[in-house]
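Those letters in the sequence shown? Residues 1 to 452, by this note's numbering. Glycine is no exception: its CB is placed at the ideal position from the N, C-alpha and C atoms. Worksheet: the structure to be examined is printed underneath.
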Amino acid sequence: MLKTIFYATKQKVRVAQFSLSKGSCKLLKEKILKVEGGAFSPALLKIIMHKERLTGAAYVSCLFRYQVGLRFFLFPSRDPQEISRMVEYEAAEILPLKTEETTTRWRILNTQKSGYSQALVIVAHNEEISRVVTRYQEAGLEIDTLTLSSLAIFNSAKKVFAEKKKGAMTSNVMVIYIEDEIVEIIVIKKGVLEFSRGFLIHDPKNLSQVLVSEIRHSIDVFFNESKERHLERILISTHGVDINEVVDKLEGLFDIPVAVEKNINLACGLALTEMKDMNLLSNDFIAAKAFKKMKKSLLVTVLLFFLNIALLAGVCAVVFNNKKVYLDELQKQVTQSKPQAQAIQNKLIKLQMVRKQLSSQTLILDALSDLVNVMPASVNLNTLSLNEEGVLVVRGQSKTLQDVLDFVAAIEKSAYFKNSRLNYSSRRKIKEEERIDFEIQARLNEAALETM
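The structure is reproduced here in structure tokens:
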């Protein structure tokens, strides 16, 4: 499976493509785009994506830890429905905004025999999500999964630990990930993410001082929340930052082994993210993406259906033409009365008939394509029928009668149809949701079709 990941810092945009197979994560291509003056260029990213052939895979990006609200909870229940209600209540405390202004995602980390469940809850502001998604849409990239950077770093750390030794994740480990101005600190306890913190370094000269202060704060917070009051080691992974001086300073300040682990990588962690694992895309973006995919699939199905009809008609016409030519030749040999010129003229007439049939089918496909394009988003088509007189009957469903009337008006304005009208409409309820069944009739505008 191929995955293309991308994310942006103030200094660069990183794009990479990975091949995933049985837990392995192989880097195929990578491109770093320098950001001049903090200005992100969607046009340049689009060119790079096509030039480097990084398109055609599942797209994964992330929100950084400092961009979201996150908390770990111990809920007194193991029932997902009860936990969901508790999460809804706690989300307002994590990010004090209206429910419709936020996107909340949660995951049960583990369950206890006592009936408690440890859960991770993430709350993101929809404006922040929209800003990230829109930025990449301008480059022609539709994000499939928007995850959290801390989860991706956790995924990468698990992979590194698994490759080194089987028991590496049974201890308490703090992982500090630094890339450009972004710093993230996570704590992994016995293979489970227990703590996450993120912040920005605005002045690289103060990196050592700020990092020491934040690590102290993170250790204090973790020790206050954890029953086990110790860390066995601190791992630091840096990209684009010289950390040797910081490592030396940390080893002198903390009575904890400190080591550099460069194999922990945000990009690889993003590639290891499951497609439905804590997807932070808002429900509106997910619904719009699903509708666009469904509409495209319907259009392709309709076009393929009529293309098959056109091809079948063409094949039948060719077979009939071949038989006719053969009979004409046989008759010519028997009677020896028709001149050679008449035989050539007959062949030309038959070829014109085949071309006219194929052209007619193509025009019908164009008309149906225009019909799908003018169809309102809330309208679903059930059946399409076209009789020999050129009368098209459309049956389907809609949420509102106004959308049906708009559909009729849009068909009337189309150059491919005329005399469109609503034959009938009726209301009915499906699972407490009102639906409008309708039938629309329109006639193909043959005069307009001949001029196109």
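By the criterion of at least three beta-carbon pairs nearer than 8 Å, the segment 243 to 260 is not in contact with the segment 102 to 115.
In the three-state reduction of the DSSP assignment, Leu281 falls in the coil class, being assigned neither a helical nor a strand state. Comparing alpha-carbon positions, the option among Glu446, Gly140, Val35, Phe40 lying closest to Glu389 turns out to be Glu446.
For Lys429, the enclosing beta strand (DSSP E) starts and ends at 417 to 430. Remark: C-beta atoms of Ser156 and Asn265 approach each other more closely than 8 Å. Of the candidates Leu207, Phe161, Ile201, the residue whose Cα lies closest to the Cα of Lys190 is Phe161. Between Ile178 and Gly198, the alpha-carbon positions lie close to 10 Å from each other.
Looking at the DSSP output, Gln17 sits in a beta bridge with Thr4, Lys29. Between the alpha carbons of Val210 and Ile201 lies a distance of about 8 Å. For Ile143, the three-state secondary structure derived from DSSP is coil. Here Arg14 has Phe6, Tyr7, Ile32, Ala267 as same chain residues with Cβ atoms under 7 Å from its own Cβ, once five neighbours each way along the sequence are excluded. Buried is the label assigned to Met49, since at least 16 other Cβ atoms lie within 10 Å of its Cβ. Following the DSSP letters along the chain, one finds Ala267 inside the alpha helix (DSSP H) bounded by residues 266 to 271. In the three-state reduction of the DSSP assignment, Leu95 falls in the coil class, being assigned neither a helical nor a strand state. Distance between Phe75 and Asn224, taken at the CA atoms: about 18 Å.
Considering only Val192, Cys25, Leu250, Asp366, the residue with the shortest C-alpha distance to Ile215 is Leu250. Inter-segment contact for the segment 77 to 89 and the segment 293 to 310 is absent: fewer than three beta-carbon pairs are separated by less than 8 Å. By the neighbour-count criterion, in which 16 or more other beta carbons inside 10 Å mark a residue as buried, Met1 falls on the exposed side. In the DSSP assignment, Thr134 falls within the alpha helix (DSSP H) that extends over 126 to 137. Between Arg435 and Lys399, the C-beta gap is smaller than 8 Å, which places the two residues in contact. Looking at the DSSP output, Thr104 sits in a beta bridge with Val123. Residue range 182 to 189 is occupied by the beta strand (DSSP E) that includes Lys189. Ala139 counts as buried, since at least 16 other C-beta atoms from the protein chains shown sit within 10 angstroms of its C-beta.
With fewer than 16 other Cβ atoms from the protein chains shown falling within 10 Å of its own Cβ, Ile108 counts as exposed.
Per DSSP, Gln397 is one residue of the beta strand (DSSP E) stretching across 391 to 398. Gly198 is bridged by DSSP to Glu184. Rounded to the nearest whole angstrom, the CA to CA distance from Ser171 to Lys158 is 12 Å. Assignment of alpha helix (DSSP H) within the segment 204 to 237, counting only whole runs of 4 or more residues, yields 207 to 225 in chain order. In the DSSP assignment, Ala410 falls within the alpha helix (DSSP H) that extends over 401 to 413. The alpha-carbon of Thr103 is positioned some 13 Å away from that of Leu148. The shortest CA-to-CA distance from Leu207 to any of Val183, Val187, Phe254, Glu274 is the one to Val183.
Counting the other Cβ atoms within 10 Å of the Cβ of Arg131 gives fewer than 16, which makes it exposed. CA-to-CA, the gap between Ala259 and Leu235 works out to about 5 Å.
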